[in-house]
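Trainee: Numbering (our numbering), first residue to last: 1 to 925.
1. Using the C-alpha atoms, what's the distance from residue 382 back to residue 586?
2. Would the stretch 701-720 count as touching the stretch 194-211 if we require 3 or more Cβ pairs under 8 Å?
3. Would residue 653 and residue 635 be called neighbours here (beta carbons separated by less than 8 Å)?
4. Looking at C-alpha atoms only, which residue of 492, 508, 326 is the closest neighbour of residue 501?
5. Can you have a look at residue 62 and say buried or exposed, based on whether 16 or more other CB atoms are within 10 angstroms of its CB?
6. Apart from the five residues just before and just after residue 173, which ones in its own chain have a Cβ nearer than 7 Å to its Cβ?
7. When burial is assigned at 16 or more other CB atoms within 10 Å of the CB, is residue 367 buried or exposed?
8. Measuring straight from C-alpha to C-alpha, what distance separates residue 757 and residue 763?
9. On a Cα-Cα basis, can you pick out the residue from 429, 804, 283, 657 that is closest to residue 834?
10. Residue 516 and residue 561: beta carbons closer than 8 Å?
11. Which term fits residue 131, buried or exposed, when burial requires 16 or more other beta carbons within 10 angstroms of its beta carbon?
12. So, at 8 Å on beta carbons, what are the nonlocal neighbours of residue 907 in its own chain, with the 5 sequence-adjacent residues on each side left out?
13. Going by C-alpha to C-alpha distance, which of 354, 365, 844 sits closest to residue 413?
14. Can you tell me whether residue 698 is helix, strand or coil according to DSSP?
15. Taking 8 Å as the cut-off, decide whether the C-beta atoms of residue 522 and residue 483 are in contact.
16. Going by the CB atoms, is the gap between residue 651 and residue 726 shorter than 8 Å?
17. Leaving out the 5 sequence neighbours to the left and right, which residues in its chain are closer than 6 Å to residue 582 when beta-carbon positions are compared?
18. According to DSSP, is residue 532 helix, strand or coil?
19. Report the residue from 686, 344, 247, 431 whose alpha carbon sits nearest the alpha carbon of residue 895.
20. Is residue 219 closer than 8 Å to residue 183 when the C-beta atoms are compared?
21. Which ranges would you report for the alpha helix (DSSP H) in the stretch 775-843 if only whole runs of at least 4 residues count?
22. Is the Cβ-Cβ distance between residue 927 and residue 82 less than 8 Å?
23. Under the three-state reduction of DSSP, which class applies to residue 560: helix, strand or coil?
24. Based on the DSSP output, what are the partners of residue 577 in its beta bridges?
25. Measure the C-alpha to C-alpha separation of residue 101 and residue 135 and round it to an integer number of angstroms.
26. Among 169, 723, 670, 96, whose alpha-carbon lies nearest the alpha-carbon of residue 508?
27. Which runs of the beta strand (DSSP E) spanning at least 3 residues fall entirely within the stretch 868-922, listed in chain order?
28. What is the rounded straight-line gap between the Cα of residue 664 and the Cα of residue 630?
29. Please classify residue 376: does DSSP put it in a helix, a strand, or coil?
30. Mapping the DSSP letters down to three states, classify residue 925 as helix, strand or coil.
31. Hey, residue 770 and residue 744 are a contact pair by Cβ (cut 8 Å); roughly how many whole angstroms apart?
32. Quickly, what does DSSP pair residue 320 with across the bridge? List them, please.
33. With respect to the alpha helix (DSSP H) encompassing residue 293, which residues constitute its N-terminal and C-terminal limits?
34. Measure the alpha-carbon distance for residue 660 versus residue 815 and round it to whole angstroms.
35. Apart from the five residues on each side of it in sequence, which residues of its chain come closer than 8 Å, Cβ to Cβ, to residue 715?
36. Who are residue 159's beta bridge partners in DSSP?
Structure (structure tokens):
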């Protein structure tokens, strides 16, 4: 702690000292190159269709991050994690034990949802992911953009517009817009090879050493095409990432007395599970009982009394009198006794052998991205860009322990840890032509994108299939495709200090597809090996519990879940920017959009910048916005057999056009609508190399779409129960326009650049404060409308995910010092406190209040790296992310799942991997 505070204090003094020094020095003149260096005022094109302007002169707040330069020295290598540490208004962390979400980090801006920020590449709309985040993580129920499908090494810079922009760019841009600007470099081959891992005492389930090894190769090559400015630039990236292990020591019950006897029988060549299929109607009950008597004698830690009770028991069930009093215990009662510690010793095992894999997942990622432009005349050029990404991830679920009915011990006497293998394929291609015709700038383009998730479940089984179960299943998959056609016009007029007129049109086609898995991945089988028809006899374990169907850890998509749906939208927009004088700028935009599945929307925006003094600007903006319900949210559906509270439940996520939704009078999804306002100022002190920006903002979102919690059959009205019975389910959840929210916040950014005695020093401080809260009544509807059911419609857990699972305060202070061929980078990032979603007895008074949650404390993470360029072609970077090995606040015992989740998996701060050390070799030729 002392070292951490010392580094932070030194960092602050460093900033203040240089600020004082900079005031005494004239700024060093530098050649203005806004792409290659931060020495000058950066220009932005995002947020305006009038062309580039300095970011302090923009009427809306825009951050610019020079990825091309910073990639040499930053510890982070993917876009999501880079933004998480350099942009305080942005939040994204690696998830754990969340199925497909393990490989796709939900990203949020200004505390709003992952689906409320629009992503552009080279100014063109990027498609979203195929994955619907339905697990217990921040952003639950949303569909975001897969930022990690684009190699960061392909980027020149990232622009982040922190303001509502749906009137300019269309759906999703409620929180803001992120634009990824691709490299245009020519004439060289550049690359880097990185190796790193987590060096922390918490590695390998808190036994120490090193895990999470990561090897990454990035290559970028560009060359000219022709002599009139044409070029192509191509990037290849390959990443091989090992998992991290952050579980504690499994503290729950693992083996019961039956497991011990079963193992002694196996040692003698007898598999007890082969003697019955359904224990309740097997004809050879006595044979099984005799074997239990025989092999119980081989369990040397049974007490004499325990062994005697077993030998005297000749029934499975307890023998009771007419009043239900137990006269003699049967084998089911006797053999359910916990013998975990003794049996672990007998089998030469430890409790850590039954740990889950908690931490980052295993990942292999390969990416190719291209950016090209070819002039066809003096005024016109054609362009194209796009890429291909293939990511294979392996995450692991909850350990299937031998004592559980979902574990078929006939095949897995020691239980097993099932794996979810996910193949994520991403394809994108944009092409267009742009140029000038009689003063009009014209851009016509077509942008196509596709993202798919295919699930292969491994090291698992369909328990109802018993001995004939495969160990690997094709569970089906998801695919989302999007094609966008844009035609844009803009022209500047020499009226007043200039007027820019822009207008255009857009057509977008979207398709969402769910592909069913193989039969064994979702079906439940009866004792004859046929698919259970609802009446036939099902197999059981020794204790008479029914064996669940479907591939354990992830049930495959059923034929009834398969969909292939599409929709279209058309839009028209107009954007006029008035420079009335050299001190007054006004920008007005309006957009009309019509969707084939829910109707139309009209939105507008008004923004202004007033130059109060040459280096002091005041800016403000107001807008309406919208987010169309994603096609995934409309049509996503899945029904799974889940093991919940020691019982098997058929639980369904149902689409709003489903039969059940109709029977329950659930309303169709409609668009979210928003109203946003912001006001701020920018101030520059050129002589000191300083710039300040501060912006306050307010966003009201009506009819926000959320995923409800599970409505259990027993808790819904009679008519709803009849609808459940028709479909044979025990619980259901839906996407619905459930609530209204308000978000308030402040962004402050301070930048300082100094040049002295051959040194170059860049200091940056940024802080984001935000608060989101639900306002008004819950919009419950249909047969699920009642005060009691509102707690399920928008549950307390859902409220925490929405309001408190991401930091309300986040700040960063970074310094880059360069001298000749050497650079030193130091950054401290403050992550504010968050709230765990679990409802537990936090204060230990024995009473669990409906809103009693654990607070996860605030932390400061320090990153340090150093780079040296040995020659103009070769350089080396060494660094540490999370220098002081800081971890989140530990979970209280009630949230650890038998000491497996030492840290919360339902919040988003900075992850739980600890200290990361790395080396990076940079080269260019």
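Here a beta-carbon is modelled for each residue, glycine too, at the ideal position from N, C-alpha and C.
Just so we're clear, the structure is a prediction, and the values are computed from it rather than from any experiment.
Mentor: Inspection of the coordinates gives the following:
1. 32 Å
2. no
3. no
4. 492
5. buried
6. 118, 164, 165, 166, 625
7. buried
8. 17 Å
9. 804
10. yes
11. buried
12. 138, 805, 806, 834, 835, 836, 837, 856, 888
13. 354
14. strand
15. no
16. no
17. 497
18. coil
19. 247
20. no
21. 790-793, 796-803
22. Outside the modelled stretch of the chain, which goes from 1 to 925, sits residue 927, for which no answer is possible.
23. helix
24. 500, 587
25. 8 Å
26. 169
27. 874-881
28. 22 Å
29. coil
30. coil
31. 7 Å
32. 326
33. 285-296
34. 57 Å
35. 788, 789, 792
36. 64, 179
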